[in-house]
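Quick note: the sequence shown uses the numbering used here, first residue 1187, plus one each step. Here's the structure we're looking at; comments come further down.
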Amino acid sequence: MSLKTRVQGFIICYSLGSLLLFMSSLSVGLVFIRPSKFAMPYTVGSVLSLASSLFFVGPKRFVRTMFDPTRRRSSIVYIFSLIGTLVTVLFLHSGILTLLLLMVQISSYLWLIASYIPYGRTMLLKLMEKLLSFIIGS
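In structure tokens:
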């Protein structure tokens, strides 16, 4: 693929993913009533946003870096939480289990993304410590 095609693919994939993530956030209150209203667009948006980088590095390198020893656990947790969320929404229809799997999905996604940024995981941990101390201290 040419650089222009890769950039266009990235922009389209990332934009669609971001749009779905935004749309799902509008229906977060429905997660207990109709879990699929939130979970389906969120899960698909999450996958599209992450997969947009395929256009720059290619599928083989993308998978290789995802399963690099430093990212292997978070990648596996992320993939299983995606599958679990979809199974829960489509077949089990459990709002509580969907919410739990979404929390795992969001956490593992953030941890995975942070691993691509130098000192990203350290910054994420410090941010979480400050957030927890603010919540507990209040």
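Beta carbons: idealized from backbone N, C-alpha and C, even for Gly.
Query                                                                                                                                                                                 : Result
Determine the extent of the alpha helix (DSSP H) in which I1219 is found, giving its start and end residues.                                                                          : Element bounds for I1219: n/a, residue is neither H nor E.
Roughly how many angstroms lie between the CA atoms of S1235 and S1319, to the nearest whole one?                                                                                     : 31 Å
Within 8 Å, do at least three Cβ pairs link the stretch 1280-1291 to the stretch 1217-1228?                                                                                           : yes
Does the stretch 1246-1266 come into contact with the stretch 1290-1305, if we say contact requires no fewer than three beta-carbon pairs (one atom in each stretch) closer than 8 Å? : yes
Please confirm whether Y1228 and L1278 have their CB atoms less than 8 Å apart.                                                                                                       : no
For V1214, count the other beta carbons within 10 Å of its own beta carbon; 16 or more makes it buried, fewer makes it exposed. Which is it?                                          : exposed
Taking the alpha carbon of V1290 as the reference point, which residue from M1187, F1208, S1232, F1242 has its own alpha carbon closest?                                              : S1232
Out of curiosity, what's the CA-to-CA distance linking F1242 and F1196?                                                                                                               : 7 Å
At 3 residues or longer, what runs of the beta strand (DSSP E) sit wholly inside the stretch 1218-1259?                                                                               : none
Identify which residue in L1276, Y1302, L1206, R1192 has its Cα closest to the Cα of P1255.                                                                                           : Y1302
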